[in-house]
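Residue numbers (the UniProt record's numbering): 1 to 555.
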Amino acid sequence: MLLDIASLLSSVSSSLQTVQFGAIEQVGAIVLIGVVSARLAKTFRIPMLIPLLITGLVLGPTGLGFIQPGNFGISLTGVAFVIIPLYLFAEGLSMDITEIRSVGFIVVSLITVGVLITAIGVALISYFLLGLPLVVAMLLGSIVSATDPSAVIPLLEGGRISRRVASIVKAESALNDPTSIVLFTVTLSLIQGSGSVTPAAVVVSFGRLLLGGLVVGLLFGYTSVALTQRFELQDQLAYVTVITFIAAYVLAGYFNTSSVVASVVAGLVIGSELNRVGLTPQSRRNLNYFWDNIKFIAQVVIFLLLGLYTTRAVFGSSALAEGLVVAIPLMLFIRPAAVFGSVLNRLNRAEKLFISWMGVRGAVPAALAAATVGIASTIPGLYPYAQTLFSVVFLTVIFSIGVVALTASRVASYLGVEVADRLDEYRSIRARQLALVSALRSLEDAWSRGEISEDTYKNLKEEYEAKIRGIQAKIQEVEDQLKLNTEQLQIMRKKRQLIIAQINALNEFRRTNELSDKAYRELMDELMNQLNEVDDKLTKLMVGEVERPRDTAQS
């Protein structure tokens, strides 16, 4: 059926030969496709790569032929090897290192031992069932051993997955790419004949790429933060981070270490250190907005190009069979073996099964597959198998995304890794409380500026204070029902009550003109920040208390 669709598109393309898009029109079409794909993905809560791949197939040379990548004068290989580190640097910047620390050992095990188990498992399947040479099979294993944050995170958002499990899945998907790419680089050098095949030489090469990239990333990450503080460059962080990425990427390449590892580590260091040294919320939002756009463009380029470079051969029965021979064992056996074998007893069975199921392949495997096709013509030992590798990776990406996107929420519910409904209710109530406190503050501002009468101010103030008291009682009720009576929780609850009392007193002082506008705003900002911190700690404590009994029950 897929082959019939491809034939139909080819027929339509031949009837539309008079339609020609120039380079400028093609760039405009790519941007438009990215925007529309993002909207579709958000509307239907699916990874963005699905509409991008479909569009690339329809509009590319295999389909209608409206977009011809060859017209841009750049190779797919060159694009892939620049886009991947850029994309992963942006991922590093956006990660919350405090969430990773609590599950650090598990994440490290998954991105090292887990990646190796996956690569070896896929290599054995490819060697015995597809008949690939062992080193080429290992190259395929290294390509598909990484999971993808851009595909995983949309599947976690909006759900009630426990914070611990969600943190592990997000961190693993963002951090296992460098290990996969280093393994890919080492294996590719063996195929090219530029490295020795002795085990010691492979280990040395792997260590040089990984550790060298780590050192370069740490060096440029901490240097960038120090210079930002020293010269007060908070308002120019977008430029600082771009320069840092370019410097780390180039220097890592110069010393023959991994540019990908250097990029990810530099991004992680900058993202975590800027939070620690007190980056203003506005500066952080500006930085995130800038790099979110970079990530968006990178995803559009990677997946659209993958679709554009896909040939009709991918949809043949032979290619489909080869793809499923790898994709199905990878999802059902190899990925679970990698998770269970790397985390051991640090997670319960349900958590390990869910993390296994969320091993979605996406941007990095797609880009590495595309790069492999681009360089295969210069490597005699790889060229005969390049199209097979591309087809297998392409179908593995499609298969894993499609299956997991349709089943993730059901699997989470069946395995019981969702947070309790009462905790969701608590979060909703807490959000309403903060909204009412903020509204009361706005009311105070309006009265101080003379925009409302004193009678109106008093009536509304009494109404909102009554609502806040009601919300406070509801919060206490939910906490009591959850039986969260540990000493830490009691301390946090009392702190919250005291902060709210201070906010009410501050509003009263402002009403009686005992405080200037400037002093009022400064004190109110300080109290609101304290309230947010206390509420965040309370939520984390509650998540831990709710999940702990479930862990014990299922282990």
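C-beta atoms are modelled at their ideal positions from N, C-alpha and C, and glycine is treated no differently.
In this text, all values refer to a predicted model and were calculated from it rather than measured experimentally.
What are the uninterrupted segments assigned as beta strand (DSSP E) that are 3 or more residues long and contained completely in the segment 104-162, given in chain order? Those beta strand (DSSP E) runs which fall completely within the segment 104-162 and span 3+ residues do not exist here.
Cβ-based burial, Y383 [other Cβ within 10 Å; buried from 16]: Looking at its Cβ environment, which holds fewer than 16 other Cβ atoms inside 10 Å, Y383 is exposed.
Report buried or exposed for A370, applying the criterion of at least 16 other Cβ atoms within 10 angstroms of its Cβ. Residue environment analysis places A370 among the buried positions, since at least 16 neighbouring C-beta atoms fall within 10 angstroms of its C-beta.
Quick one: Cα of M528 to Cα of G267, how far? CA-CA distance, M528 to G267, rounds to 29 Å.
I'd like to know whether the C-beta atoms of V103 and S173 end up nearer to each other than 7 Å. Taking 7 Å as the cut-off, the beta carbon of V103 is found no closer than this to the beta carbon of S173.
Tell me the DSSP secondary structure of E454 in three-state form. Correct three-state label for E454: helix.
Can you name the start and end residues of the alpha helix (DSSP H) that R361 belongs to? From DSSP, R361 is part of no alpha helix (DSSP H); its letter is neither H nor E.
List the residues that DSSP assigns as beta-bridge partners of E418. Its beta-bridge partners are I161.
By the 10 Å Cβ neighbour count, where 16 or more other Cβ atoms means buried, how is F338 classified, buried or exposed? Residue 338 is actually Ala in this sequence, not Phe. Burial check for A338: the Cβ neighbour count within 10 Å reaches 16 or more, so the residue is buried.
Given V240, which residues of its chain have a CB within under 8 Å of its CB, disregarding the five upstream and five downstream residues? Within the same chain, Cβ atoms closer than 8 Å to the Cβ of V240 are found at S224, L227, T228, L233, the five residues on either side in sequence being excluded.
Close-in-space but distant-in-sequence residues of the same chain around V411 (CB under 6 Å, 5 per side omitted): In the same chain as V411, and ignoring 5 residues on each side of it, the C-beta atoms closer than 6 Å to its own belong to W357, in chain order.
Taking CB distances under 7 Å as the criterion, tell me whether R39 reaches chain B. Protein chains in the displayed structure number just one, and chain B is not present.
Any alpha helix (DSSP H) of 4 or more consecutive residues that is wholly inside the segment 327-407: As far as the segment 327-407 is concerned, its whole alpha helix (DSSP H) runs of at least 4 residues are 335-343, 349-357, 363-375.
The segment 177-188 in contact with the segment 247-262 per 3-pair CB rule at 8 Å: With a cut-off of 8 Å, the segment 247-262 and the segment 177-188 count as touching, because enough Cβ pairs lie within range.
As assigned by DSSP and simplified to three states, the class of R510: Correct three-state label for R510: helix.
With a Cβ-Cβ cutoff of 7 Å, do G359 and T147 count as a contact? Contact flag set, yes.
Might you give, ordered along the chain, the residues of its own chain that have their beta carbon closer than 6 Å to the beta carbon of L156, omitting 5 neighbours on each side? Result list for L156: A166, in chain order.
With DSSP collapsed to three states, give me the class of R469. Secondary structure of R469 (DSSP, three-state): helix.
Given this structure, state the Cα-to-Cα distance separating K537 from K170, to the nearest angstrom. Taking C-alpha positions only, K537 is separated from K170 by approximately 21 Å.
Does P61 come out as helix, strand or coil in the three-state DSSP assignment? The answer is coil: DSSP assigns P61 none of H, G, I, E or B.
Classify R285 as buried or exposed, calling it buried when 16 or more other Cβ atoms lie within 10 Å of its own Cβ. Burial call: exposed.
Would you tell me roughly how many angstroms separate the C-alpha atoms of L211 and L353, rounded to the nearest one? Rounded to the nearest whole angstrom, the C-alpha separation of L211 and L353 is 31 Å.
If you drop the 5 nearest sequence neighbours on each side, which residues of the same chain put their C-beta closer than 7 Å to that of A247? Excluding its 5 nearest sequence neighbours in each direction, A247 has C-beta neighbours in its own chain below 7 Å: F220, listed in chain order.
Which word fits R276, buried or exposed, when buried means at least 16 other C-beta atoms lie within 10 angstroms of its C-beta? It counts as exposed.
In chain order, what residues of the same chain lie with their CB nearer than 6 Å to the CB of A90, ignoring the 5 residues before and after it? Correct list, in chain order: W291, I294, K295.
Residues near F509 by beta carbon distance below 8 Å, same chain, minus five either side: The beta carbon of F509 is closer than 8 Å to those of L515, Y520 in its chain, skipping five residues each way along the sequence.
Contact belief for G307 with L52 at Cβ below 8 Å, rounded distance in angstroms: That pair is a contact at about 7 Å.
Just to confirm the assignment, what range does the alpha helix (DSSP H) spanning F296 have? Looking at the DSSP string, the run of the alpha helix (DSSP H) that includes F296 is 281-308.
With C-beta atoms as the reference, is S377 less than 7 Å away from A319? Not in contact: S377 and A319 (Cβ atoms no closer than 7 Å).
Have a look at V393 and I429 and give me their C-alpha separation to the nearest angstrom. As the crow flies, the alpha-carbon of V393 is around 45 Å from that of I429.
Euclidean distance between Cα positions of P365 and L395: Per the coordinates, the alpha-carbon of P365 lies some 11 Å from the alpha-carbon of L395.
Could you work out which residue in G63, G92, S142, I106 is closest to V182 when comparing CA atoms only? Nearest of G63, G92, S142, I106 to V182, Cα basis: S142.
Select from Y457, E454, S448, E533 the residue whose C-alpha is nearest the C-alpha of K518. Comparing Cα positions, the closest option is S448.
Considering only the beta carbon of each residue, do A327 and F231 sit closer than 7 Å? It is not a contact, given that the beta carbons lie outside the stated cut-off.
So, are the CB atoms of I475 and L436 less than 7 Å apart? Result no, Cβ atoms of I475 and L436 do not sit closer than 7 Å.
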